[in-house]
Every structure is written in structure tokens, then in C-alpha cells.
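Colleague: Quick mapping for you: the protein sequence lines, in order, are chains A and B.
Heads up: the first sequence begins at 1 in full-length UniProt numbering, then just goes up one per residue.
Heads up: the second sequence begins at 1 in full-length UniProt numbering, then just goes up one per residue.
Quick one: structure below, then a few questions.
There are 2 protein chains.
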Amino acid sequence: MSKLLPLADPVESVACCSPLVSRPMTADEAEAAAPLLKALADPVRLRLVSLIASHADGEACVCDLNDAFDLSQPTISHHLKTLHEAGLLDRSKEGVWVYYRIRPAAFDAIGALLATSGTATSGSRS
Amino acid sequence: MSKLLPLADPVESVACCSPLVSRPMTADEAEAAAPLLKALADPVRLRLVSLIASHADGEACVCDLNDAFDLSQPTISHHLKTLHEAGLLDRSKEGVWVYYRIRPAAFDAIGALLATSGTATSGSRS
DNA sequence: CATCAATATTGACAGATGTCGTTGTCTGGC
DNA sequence: GCCAGACAACGACATCTGTCAATATTGATG
């Protein structure tokens, strides 16, 4: 499920001038992958994800997140919803509080995507 | 340059419940990183990058790219400009033709970012 | 039950984005 | 010098997005 695109065979990739990926993305694959990146492509949401990831257990309460921004509560709530609907965050309610947790699989998928699109797999020394 | 955020010490990360990253992203870091993702967060641009990456040498002529889509030439040109301005693609003119090439460093940066935000570093088994 | 605190939902609005048609700018060939 | 082809820039337009204020919902508590 995290295999969005087949990478070219490692052996082949090492050779001088072979393509970076074995075949281009299909339109459907692109349509499926774009929403994940879109959800992440906002400074506020990036920080939200980062904040949650930097908490112990990779989960954080909305009340903590609200305080980290100068934005209104509904705005934060909206961004969290966006991330949740994209499948990047899990939600769980505990009493009055709501906790959001990083969903690792989604980030793995994006990682695979990027390794695919560019070169990021094994850190090219630029 | 590709180090957008410091990961938690590997040693610590292995321990049960320590944070995934050593510290959250700053607002400035997020503002800097978001445009890269935003440039990539579009189905057409994803396919463009993918198409270029799947060409030998990781470069492709605009004329080839235009034919792969049902969109107008100006639209493709616009998307290529977006990717170029985000630093994801390099441009070079050869006679009448213009070639776009994957810029690996930019993708490395995004890769580091994601390893940071989520878990994608070492393939978590979901 | 009344009230308060934590989140979500709704509605509104300015600004960004994707697309197109048209026009402009090169470059190479006649 | 002129024309045709490859690509970029411009202007227009509909849609999407981020934000807020106001309101609703839900759970704990007195």
C-alpha cells in the first residue's frame, strides 16, 4: 500500500544514465498522491505535524496545539481536520480532550513517492 | 543545506516513547519548507516531475511533456515555471528546445523534511 | 439541570490557484 | 528579411483555500 510507484531496479539505477524510475506515474496515481502532499503543503500544517511528532508517543492534545499558534481555535481545528481527512493524522477522543496522532503509514507512502519522483532515496551528495 | 530539521538522536529514537524529532519545526522553517511541497502538491506537476525523472539522464524537452497531457501548452509551461521557481527543476535552452532537469538537492531537502515530520526514516512496519 | 470548558461546524470573505485563449519572443531555415 | 515553430508571458475567469467571528456540540462538574 505504501508502494505508489515502482522504482527502477537498484542495480539498474546505479548504472550511469538509466532513468531514475522505471516508469512515469499514471494520471490516477498522481491524483491519488497529490492530496497527501497538498495536506502537508502549508506552513501551519507542517508545524502541527511537527509539533505532534515531537511530543512523546507522537500524539498531542488540541489544547496544546492551539497555544502554539497565533491563529484562532477554529482555524487550527480546520487544519487538523484537513490533516486527518488526508489520512496523515489519527484522532481519538478522551473525555473533553481530543488527541491527534501521527499515522506512520501515510508518511511512509509519501516517502516512497518522493524516492520515486526524485532521488531522495539514499541521499545523493549534492 | 538539506538538513531542514534535526532528527532526534538515533539512540534515543529507538527507546520506547521518546519523541520522533528532537524539537518541533520553527515557524520560519515551516514557511521555508512549505513552498517545496506546495509546488509538488498537484497531480499535473507530480506527473511532470515523474515524467522527467523517468527519462534517461533525468531531463526532458518541453515538447515531449506537452504531448503527455490533454492540457494546453501555456498550462504546462505554467506548471513547469512553478516547479522551476520552487527549485525542483533546472532549465536549459538548447536551440529552439527547452529542457527541464530534476534538481536532486531539492528532493533531498524534502526527504529530510519528511523523515523529520513523520517516521519515514527507516520504514515502519504499519 | 445549569454551566463551563474543549472542539467542531457554519458562513463569509479576501486572496491564491489552475486553466484557457491570445499575444509576445526567440531561433532556425528559406 | 521573412516566416514558421517552440516556448513564455499576459489577462481573464471560475474555483479552491486560509482565516475569522459566531454558533453548535459534547462532556465534566457543581
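Quick reminder that beta carbons are idealized off the backbone N, C-alpha and C, glycines included.
Mind pulling the alpha helix (DSSP H) runs of 4 or more residues that sit fully within the stretch 26-81 of chain B?
Modeller: If we require 4 residues or more, the alpha helix (DSSP H) runs fully inside the stretch 26-81 of chain B come out as 27-40, 43-54, 62-67.
Colleague: Nearest CA to the CA of Phe107 (chain B): which residue from A:Ala115, A:Ala109, A:Leu51?
Modeller: Ranking A:Ala115, A:Ala109, A:Leu51 by Cα distance to Phe107 (chain B) puts A:Ala115 first.
Colleague: Who are the near neighbours of Ala86 (chain A) in its chain, counting only those whose CB is closer than 7 Å to its CB and skipping five residues on each side?
Modeller: Cβ within range, chain order: Pro35, Leu36, Ala39.
Colleague: Suppose you measure from the CA of Asp64 (chain B) to the CA of Gly111 (chain B); what does that come to, to the nearest Å?
Modeller: The alpha-carbon atoms of Asp64 (chain B) and Gly111 (chain B) are separated by roughly 28 Å.
Colleague: Roughly how many angstroms lie between the CA atoms of Arg23 (chain A) and Leu51 (chain B), to the nearest whole one?
Modeller: Their Cα atoms are separated by approximately 8 Å.
Colleague: Taking just the CA atoms, how far does Ala33 (chain A) sit from Val62 (chain A)?
Modeller: The alpha-carbon atoms of Val62 (chain A) and Ala33 (chain A) are separated by roughly 27 Å.
Colleague: Are Leu80 (chain A) and Leu88 (chain A) closer than 8 Å when you measure CB to CB?
Modeller: It is not a contact, given that the beta carbons lie outside the stated cut-off.
Colleague: Which one or two residues does DSSP pair with Glu94 (chain B) in a beta bridge?
Modeller: In the DSSP output, where bridge partners are listed per residue, Glu94 (chain B) has B:Trp97.
Colleague: Using CA coordinates, which residue listed in B:Ser77, B:Glu29, B:Glu59 is at the minimum distance from Leu46 (chain A)?
Modeller: Ranking B:Ser77, B:Glu29, B:Glu59 by Cα distance to Leu46 (chain A) puts B:Glu29 first.
Colleague: Once you ignore the five residues that flank Val44 (chain A) on each side, which residues in its own chain have a CB closer than 6 Å to its CB?
Modeller: Excluding residues within five positions, the ones whose Cβ falls inside 6 Å are His79.
Colleague: If Leu48 (chain B) sits next to Leu83 (chain B), beta carbons under 8 Å apart, how far is it from one beta carbon to the other, in whole angstroms?
Modeller: Confirmed, Cβ separation roughly 7 Å.
Colleague: Give me the chain B residues within the contact set of Glu59 (chain A), using Cβ-Cβ distance strictly less than 8 Å, ordered along the chain.
Modeller: Result: empty, since nearest Cβ-Cβ is about 10 Å, beyond 8 Å.
Colleague: Beta-carbon of Pro24 (chain A) versus every beta-carbon of chain B: anything under 8 Å?
Modeller: Judged by the 8 Å Cβ criterion, Pro24 (chain A) is in contact with chain B.
Colleague: Just to check my reading of the structure: Ile102 (chain A) and Ala53 (chain A) have Cβ atoms closer than 8 Å, yes? What is that Cβ distance to the nearest angstrom?
Modeller: So it is a contact: roughly 5 Å between Cβ atoms.
Colleague: Could you give the distance in angstroms between the alpha-carbon of Arg91 (chain B) and the alpha-carbon of Val98 (chain B)?
Modeller: In a straight line, the C-alpha of Arg91 (chain B) is about 7 Å away from that of Val98 (chain B).
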